[in-house]
Structure formats: C-alpha cells, structure tokens
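>
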Amino acid sequence: MNNFNHYYDTQITRQVISVIVINEHNVLSRIVGLFSARGYNIDSLTVAPISGSEYSRMTIVTTGDKRIIDQIVKQLNKLIPVLKVNEHQNVIEKETVLIKFPIDQPISDIDVLARAYNGHIQNVTDDAIVISATDAPSRIANFTNIMSKFKPLEVVKSGVVAMER
Amino acid sequence: MKITGAKMVTESLKEEGVDVVFGYPGGAIMNVYDEIYKQSFFQHILTRHEQAAIHAAEGYAKSTGRVGVAIVTSGPGFTNAVTGLADAYMDSVPLVVISGQVPTTIIGTDGFQEIDAVGISRPCTKHNYLVKDIKDLPRVIKEAFHIANTGRPGPVHIDIPKDVTAEVADFKYPKEVNLPTYKPTVNYNKRQLKKAMDAIAKSKKPLFYVGGGAILSNCAYEIRKLAEMTNIPVVETLMARGVMGENHDLLIGMLGMHGEFAANMAAHDTDCLISLGARFDDRVTGRLDEFAKKAKVVHIDIDPTSIAKLVHTNYPIVGDLKVTVEGMIESGKKMEFNDYRNWVSLLKDYKEKEPLRYNDSDSFIKPQWVIQKVGETLGSKAIITTDVGQHQMWTAQFYPFSFPRQWNTSGGLGTMGYGLPAAMGVARGNKDKVSINFTGDGSILMNIQELMTCVEFDLPVINIVLNNNYLGMVRQWQTLFYENRISQTDLSMQPDFKMLAEAFGGIGYRVTTKAEFEAALKDAIEKKKPAMIDVVVARDEIVLPMVPNGHALNEMTLIGDSNE
Ligand SMILES: Cc1ncc(C[n+]2csc(CCOP(=O)(O)OP(=O)(O)O)c2C)c(N)n1
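Keeping their order, the protein sequence lines are chains D and V.
One point on numbering: in UniProt numbering, the residue at position 84 of the first sequence is 84, and numbering is uninterrupted.
One point on numbering: in UniProt numbering, the residue at position 307 of the second sequence is 307, and numbering is uninterrupted.
Here it is, written out as structure tokens:
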C-alpha cells in the first residue's frame, strides 16, 4: 500500500465551482488570495450579488488534479464568509464575449458568424463595429479564434457563469 | 447611553473576561489607550516591541488555554506585529489582535502611518476585520473571540480606524454570535468512527500519532485512557509534548526529524496509523512517500483541510478531538482488540537499544545536560518555552514534560525571538509555576528588549542561554550538508549577557561549569526575578538523531560515537 498522495495524481481536470459568500468588505480578496497563496489556478472568475439577499455568487473555473480540487473546495469552505461551495458536475455553462472590429472589415461575414454562435451586432459607429456572443465557454473560445482573422481591435470576455442542470 | 468606539473596545474586553492585554500605543490607537487608562478591569502590559506583544499573548494563550489579547497601532506598529500573527496562525493559537488604523477619511490616500493592515494579515490570520462603522464594533469583537477560540483555533485581527474609536453610539454587547457561514464540525460521523475502530481493532501494529490538536482540544486525559484501554503505543509530535507524560508506559517518544529512533521506527512499521490532531508536517514525516507506507491511515482533525492534504487517508474523521476520542473510548468498550503486546515490546526494545542520549563530558557543559538538570530540579513545577534552533530540539528531547501546556514553542513558523516574550506571557498567566525559557545566543538577541518588560511588570522569567557562539542549527546543516562552510553563523562576537541582564535591571549569571550552573539556577529560582543564565556550552555539539532532509524516517543518523 502506498499512502502518498500519488493516489490522487491521476489527471488534471477542469472544475467549475460556485461559491456563495456574504457581501462584505474584502471577501473577493480573501477568495483570490486563497488561490494565489496556495498556488492554485483561476481560469476565470465571475461575481455578482444574489438579488434579494446579503450574499453573492462567485463562479470560479479552475484546473488541477483531484487532490488540488479537493483542497480548493475544503479551503474555500473554511473561509468564514463562505456559506456554500458547489463542485459542479453537470452544469450549463455560459460565457459572453464582446469583440470590436474596424469598420472596414466585411460586416456581413462577421454578422453571419456571430449568429452561428448565438451572437449579433451590438453597435456600429463610423469607425468600429461591436458584436457580442453568448455560448458555452469552449464554443466562445472557438469563436474568438475564428474572429481573429477580422483583425479585432478589442476582445472582452465575461468569464463563466454556470448552473446545475 | 452612547459611548465612544474606544470605550466599546475596553467594555467588550471586560465582557469577554479578559484580564491582561499586551500592547504598544501610537497615534491611531490613542483613543483606545485613553480608555485603557481609565479602566481597571484588565492589566495592560507594555512590551517594548509589537512582535513581542503578540508572542506574549501567545505564551499566555498556549499555557492557559484562554484567548490572548494584544493591541497595537497602525502602520509600523501593525507591521511589527505580523510575524507574531503568522506564528500564531501556524500553531493555531487563539488570539484577538486589535490594531489602530488611520481615519476612514484618509484610508487609501497613503496617509501617515497608513498600511493595508487587513490586506497584510489576511494570509496569516484565521479571520480579520476592518471596522468602518461603529455600529459593527461590538458584534465584530464578539465574533472575533468566538472565531479565535472555536473550531481550529487561530488569531483574529481587528483593524479599527481612529475616527471609529472617537465616534459615539449605543453600546450593547451581543450575548451570542450569529454567523450562519461559520459552523465548525464538532461531532464526528458515527458510522465513519465505527469503521475506523473496526480497522484499528483488526490491525496488528496500530499506532497513535498525536499532534498539537490534542493540546488545543484539551484531551490528553482521554488519549491516555484510550491508549491504556487498547494497549496501543503512542508517538507524539513536537507540538504534542506533554500529552502522554514522560513516564507513561505506552509513550514511545517524539517522532520526526529529531525524533527518537523507536518512535520513527514505529511510524515506519505500523500497519494502522491513527492521527489525533496532527497535520503531517514535513519535519515530522520525512520523505512523504515513505511515511507510514505500510499503514492504513485513520485521520481525525477538526479542520477538514488538514485531512488528506498530504497523505491518503483511509478513514477520515472530522470532529473535535476530545469529543471524538471520547466516542472512541465508548465504542471501544464493546469491542475486542487484537493483542498488541508483541508490538509494544518490539518498540520498547528499540527504545532500549537506541535511547535518546548524548556523550556527557566533564571538561565542558553539554547543552543536553543543562536541560536534564533543569528537568530534575523543576520537573512539573516549570512551564518551558524555547526559542528556535538546536536548543529547541534538545529541550523537546530531554525535558521531562509531564502535562499538556507545559511545553511552549514556535513549531509551525519556527520564529527566533519567540521564547522570551512567550515566557513573559507564561509567567503572567501562571503565577504558580516557574517560567523557564531555553534560548540560544542567536535567538535571545531578537527580542532581548523584553527583559525590560519582565523587570517592570515583575515577570520572573528565567532565560537559560545555551551559548555555543553559533547560530547552531544552521551551523549544524552547514557542517553536515555544506562541507563545513560556516557561512555567517559564527557568533563569536557577542555581548556580555550577564551585564546585559543587569543593565535591564534583572539578574545575570555567566557559568562555565556544571557546579556554577546548578548554583545559578538555584539562586535564580529563589530570587524570583527576571534572570538570564549565560551557559557556555560545548561549541560543536549537533542534534541527533536526525533524519536528513529528503530521507525516510527509518533512515536516521544515530548518535553512534559522534558528539564526543
Ligand atoms: C526569525 C528567524 N530568522 C532565521 C531563522 C533561521 N534559523 C533557524 S535556527 C537558527 C539558529 C538559531 O541559533 P541560536 O538561537 O543561537 O540557537 P542554537 O541553534 O545555537 O541552539 C536560525 C538562524 C529563524 N528560524 N527565525
């Protein structure tokens, strides 16, 4: 028998975690600080208040082996302002991206592609066109990749939000 | 009636039954100090450095089991306190540390003596608060004491801006805390405990591996009882010294880097390791993939993050150790355990063949001899603190600890400078005991100024400087692992410690023979004054046995004929 933690070192997985926290001073820095101090990854993080309550929900996407994910969940639970930590298994994930292009790019091509990713044109000025798309994070990654050939001026991603099915 | 925030602080401390506060004033905390002047519920001990105020509160808390309290000012006052906070965090010491902050109107402007105190203390406290609204103050203080002293204990820091201490509001100290997000698990899972007990009963070579949690949850008595009832041998970590009591038949000894051969072999050979409030620190386990590798692991801890952090656990149990061990005793009463007599006697053989020992000398004083001598002289009449280094390990090895909280050391952070101020806190909290601080010629200079505090507040700490003219522990590593390149660890240049003690108003001794030491110790105990005994000890002694870094526990360097 070998008790060493190799037991866990099977594979690196991607994990979506949601954390319900009290809205209070410093709480975001507590969460982020926990990750940085212990060398855990944050791939994305979104926060917003839960309406009608004193709590906020954070959705964190992280990667690590099972031991690390276990520790992340336990360490988060240990923080005083944390009410609940969910290690999501079966979730719908969505991410939004905003992309700005110079106006001289082929607008109709951009529009068609955006629609394919549940997106559309948001705004047009004399200089630029802004589109948005909301979709699963992997599709959004794919989409931004494709759109890079239209010489985007700016790409802004929202981070992932998730909900158990 | 409306009172100021500053008065709320002193009133809250009164409500918490605090009888002593260690601290150091300054601009941002002056309103609170003004209230401290006016009250008579608790004593304020003015240390000479903020780090020492925290260590003193730690020494007080660790030795008495009560929450230690310290107060410091903003900026440099607070930053000086940080090492103490980190130390307390690593050793799970219940503290409430209050700091002043610049007024809320100035926060964020790089004001005079402003620092982001809660930002700095976040990674080295169990929890922290910045109180921006006076209305929150009583609740925050109530919560701080509760958080510090429940679950896995730890330091809690409260940062209070100056205008908040000046403002007035109604004061009502809450009777209860209402923290829906903080509910430490006290009660273990019954089914899981039953499974663990069955595994223990069936094992052939079970071993209790006891850590500092046993002291924190006050369950030394229960652990002794459980061990006796099952006849399972016990090894202690550095932090758990005193749990079994030195003469207990089932105590195999301390394990770890400088642990006893028998204890380390026990951990190596066991087929069922039962961790009671221990956290598998690397100074204990040696090479992790070799640690207790023949064993199933039962891991009991109040802190779920400790479980399975480093070692795979077959039977994880989250719960208060005392409650859980009581549960084990109850469930064990109805069970049949294997017969462990052979296993115990095997370990006893190891202990006999390879006991902790050193080669004594008549020509100079061996540090181990000094510790044994103090042990013979004072035994359970003393509470022992140490600094960090060789002397710390020798004390853990050679002092006969007979009760929990008798041993007080910086285990997790390993903070040089801990000893003297901690001993001061011990002296304040335990007037019926002698407070002894074993220290090194390096460590003692880190907080020597506290001799002044000891003298002023009549805290009769006896500091025993095991003076080897080296930063001994680092020199030991240089000797063993750096081909004797003694880089920056030679302390031949040193103050006259005797005169130094006298300069502070204490008693100083310098001794070079065993007889002189015995006389000095006797004199210091009788005089009951702050004292420093500078003991010139064998210069090149090394701490043995030793598990070299990166080796397994069964690969110890034993004493052999070295240290001659
Ligand atoms: C604040 C701090 N700085 C540095 C160290 C590293 N360190 C560990 S032991 C040691 C030597 C201690 O020397 P001394 O106090 O003379 O004790 P000895 O080992 O000689 O008994 C040092 C420098 C430490 N533990 N703490």
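Don't be surprised by glycine CBs; every beta carbon is placed ideally from N, CA and C.
Computed from a predicted structure; not experimentally measured.
Classify residue 71 of chain V as buried or exposed, calling it buried when 16 or more other Cβ atoms lie within 10 Å of its own Cβ.
The count along the second sequence starts at 1 and reaches residue 71 of chain V at position 71. It is buried - the Cβ of residue 71 of chain V has at least 16 other Cβ atoms within 10 Å.
> Return yes when at least one heavy atom of ligand 1 lies under 6 Å from the C-beta of residue 53 of chain D, else no.
Position 53 of the first sequence holds residue 53 of chain D. Residue 53 of chain D: no, Cβ never under 6 Å from ligand 1.
> Going by the DSSP bridge assignment, what does residue 407 of chain V pair with across the sheet?
Counting from 1 along the second sequence, the entry for residue 407 of chain V is found at position 407. Bridge partners of residue 407 of chain V: V:384.
> Would you report the Cα separation of residue 1 of chain D and residue 284 of chain V, rounded to the nearest angstrom?
Indexing the first sequence from 1 puts residue 1 of chain D at position 1. Indexing the second sequence from 1 puts residue 284 of chain V at position 284. Unreliable positioning characterises residue 1 of chain D in this predicted model, as indicated by a pLDDT of 45, which lies under 50. The coordinate reading is nonetheless provided below. Using only the alpha carbons, I get a separation of about 20 Å.
> Does DSSP put residue 274 of chain V in a helix, a strand or coil?
Taking the second sequence and counting its residues from 1, the one referred to as residue 274 of chain V is at position 274. It is a strand residue.
> Is the Cβ of residue 181 of chain V closer than 7 Å to any Cβ of chain D?
Stepping through the second sequence from its first residue, residue 181 of chain V is reached at position 181. Residue 181 of chain V counts as touching chain D.
> Can you grab the Cα-Cα spacing for the pair residue 513 of chain V / residue 67 of chain D, in whole Å?
Here the question's residue 513 of chain V lines up with position 513 in the second sequence. Here the question's residue 67 of chain D lines up with position 67 in the first sequence. Looking at the two C-alpha atoms, the distance is approximately 55 Å.
> Should residue 273 of chain V and residue 226 of chain V be called a contact, given that it needs their Cβ atoms to be closer than 7 Å?
By one-based count along the second sequence, residue 273 of chain V stands at place 273. By one-based count along the second sequence, residue 226 of chain V stands at place 226. Taking 7 Å as the Cβ cut-off, residue 273 of chain V and residue 226 of chain V do not qualify as a contacting pair.
> Give the secondary structure of residue 154 of chain D by DSSP, where H, G and I count as helix, E and B as strand, and everything else as coil.
As a first step, residue 154 of chain D must be located in the first sequence, where it is residue number 154. DSSP places residue 154 of chain D in strand when its eight states are reduced to three.
> Output needed in chain order: residues of the stretch 87 to 115 of chain V with a Cβ under 7 Å from some Cβ in chain D.
Here the close residues number zero.
> The alpha helix (DSSP H) that contains residue 137 of chain D, what's its start and end?
To locate residue 137 of chain D, count along the first sequence from 1; it is residue 137. Start and end: 137 to 147.
> Per the contact definition of three or more C-beta pairs closer than 8 Å, is the stretch 434 to 442 of chain V in contact with the stretch 36 to 50 of chain V?
In short, these stretches do not touch, since the Cβ pair count stays below three.
> Reducing DSSP to helix, strand and coil, say where residue 79 of chain V ends up.
As a working note, residue 79 of chain V is residue 79 in the second sequence. Correct three-state label for residue 79 of chain V: helix.
> Could you tell me whether the Cβ of residue 130 of chain V comes closer than 7 Å to any Cβ of chain D?
Indexing the second sequence from 1 puts residue 130 of chain V at position 130. Answer yes: the Cβ-Cβ gap between residue 130 of chain V and chain D drops below 7 Å somewhere.
> With DSSP as the reference, identify every bridge partner of residue 251 of chain V, one or two as the case may be.
Position 251 of the second sequence, counted from the start, is the residue given in the question as residue 251 of chain V. BP columns for residue 251 of chain V point to V:234.
> Using the DSSP secondary-structure output, state which residues sit across from residue 221 of chain V in a beta bridge.
As a working mapping, residue 221 of chain V is identified with position 221 in the second sequence. Residue 221 of chain V pairs with nothing; no bridge assigned.
> When you check each C-beta in the stretch 110 to 135 of chain D against every C-beta of chain V, which residues fall closer than 8 Å?
So the list is empty, because no residue satisfies the distance condition.
> Would you say residue 244 of chain V touches ligand 1, meaning its beta carbon is less than 6 Å from a heavy atom?
To locate residue 244 of chain V, count along the second sequence from 1; it is residue 244. No; taking the cut-off as 6 Å, the Cβ of residue 244 of chain V has no heavy atom of ligand 1 nearer than that.
> Check whether the Cβ atoms of residue 469 of chain V and residue 492 of chain V sit closer than 7 Å, and answer yes or no.
For this step, residue 469 of chain V is matched to residue 469 along the second sequence. For this step, residue 492 of chain V is matched to residue 492 along the second sequence. Taking 7 Å as the Cβ cut-off, residue 469 of chain V and residue 492 of chain V qualify as a contacting pair.
> Can the beta-carbon of residue 567 of chain V be found closer than 7 Å to that of residue 95 of chain V?
No information on residue 567 of chain V is available, as it lies outside the stretch 1 to 564 that chain V covers here.
> What ranges does the beta strand (DSSP E) occupy inside the stretch 132 to 197 of chain V, keeping only unbroken runs of at least 3 residues that lie completely in it?
155 to 161 and 168 to 170, all fully within the stretch 132 to 197 of chain V.
> For residue 123 of chain V and chain D, any beta-carbon pair shorter than 7 Å?
Working through the second sequence from its first residue, we reach residue 123 of chain V at position 123. It does: the Cβ of residue 123 of chain V has a partner Cβ on chain D nearer than 7 Å.
> Terminal residues of the continuous alpha helix (DSSP H) containing residue 285 of chain V?
Within the second sequence, the letter at position 285 stands for residue 285 of chain V. Note, residue 285 of chain V: alpha helix (DSSP H), 282 to 285.
> Using a Cβ-Cβ distance cut-off of 7 Å, determine whether residue 564 of chain V contacts chain D.
For the purposes of this step, residue 564 of chain V is taken as the residue at position 564 of the second sequence. Residue confidence is low: residue 564 of chain V scores 46 on pLDDT, short of 50, so the model does not pin down where it sits. No coordinate-derived value is stated.
> For residue 50 of chain D and chain V, any beta-carbon pair shorter than 7 Å?
Here residue 50 of chain D corresponds to residue number 50 of the first sequence, with the count starting at 1. Not closer than 7 Å to any Cβ of chain V, the Cβ of residue 50 of chain D fails to qualify, so no.
> Is residue 487 of chain V near ligand 1, with its Cβ less than 6 Å from a heavy atom?
Residue numbering aside, residue 487 of chain V sits at position 487 when the second sequence is read from its first letter. No, Cβ of residue 487 of chain V sits at least 6 Å from all heavy atoms of ligand 1.
> Kindly list the residues whose CB is nearer than 8 Å to the CB of residue 148 of chain V, restricted to its own chain and excluding five residues on each side of it in sequence; keep chain order.
Within the second sequence, the letter at position 148 stands for residue 148 of chain V. Closer than 8 Å at Cβ, skipping near neighbours: 67, 94, 95, 96, 126, 154, 155 and 156.
> Report all residues from its chain with a CB closer than 7 Å to the CB of residue 446 of chain V; omit the five preceding and five following residues, and keep chain order.
Within the second sequence, residue 446 of chain V is the residue found at index 446, counting from 1. Same-chain partners within the cutoff: 416 and 417.
> With H, G and I counted as helix, E and B as strand and the rest as coil, what does DSSP make of residue 610 of chain V?
Residue 610 of chain V lies beyond the residue range present for chain V, which begins at 1 and ends at 564; the question has no answer from this structure.
> Which bits of chain D does residue 119 of chain V rub up against, with CB to CB less than 9 Å?
The count along the second sequence starts at 1 and reaches residue 119 of chain V at position 119. By Cβ distance, chain D contributes 26, 29 and 33.
> Mind pulling the chain V residues with CB within less than 8 Å of residue 70 of chain D?
Residue numbering aside, residue 70 of chain D sits at position 70 when the first sequence is read from its first letter. In chain order: 308.
> Less than 6 Å separating the Cβ of residue 416 of chain V from some heavy atom of ligand 1?
Here residue 416 of chain V refers to the residue found at position 416 of the second sequence. Answer for residue 416 of chain V: yes, Cβ within range of ligand 1.
> Under DSSP, the beta strand (DSSP E) around residue 120 of chain D begins and ends at which residues?
The residue given as residue 120 of chain D occupies position 120 in the first sequence. Its beta strand (DSSP E) spans residues 119 to 124.
> Taking the straight line between their C-alpha atoms, what separation do you get for residue 121 of chain D and residue 113 of chain D?
Residue 121 of chain D sits at position 121 when you count from the first residue of the first sequence. Residue 113 of chain D sits at position 113 when you count from the first residue of the first sequence. Each residue's alpha carbon lies about 11 Å from the other.
> For residue 55 of chain V, is the beta carbon positioned less than 6 Å from some heavy atom of ligand 1?
Here residue 55 of chain V corresponds to residue number 55 of the second sequence, with the count starting at 1. Residue 55 of chain V Cβ: outside cutoff for every heavy atom of ligand 1.
> Of the choices V:409, V:560 and V:336, whose alpha-carbon is the least far from that of residue 212 of chain V?
As a first step, residue 212 of chain V is located in the second sequence; it is residue number 212 there, counting from the start. Selected option, being the one with the closest Cα: V:409.
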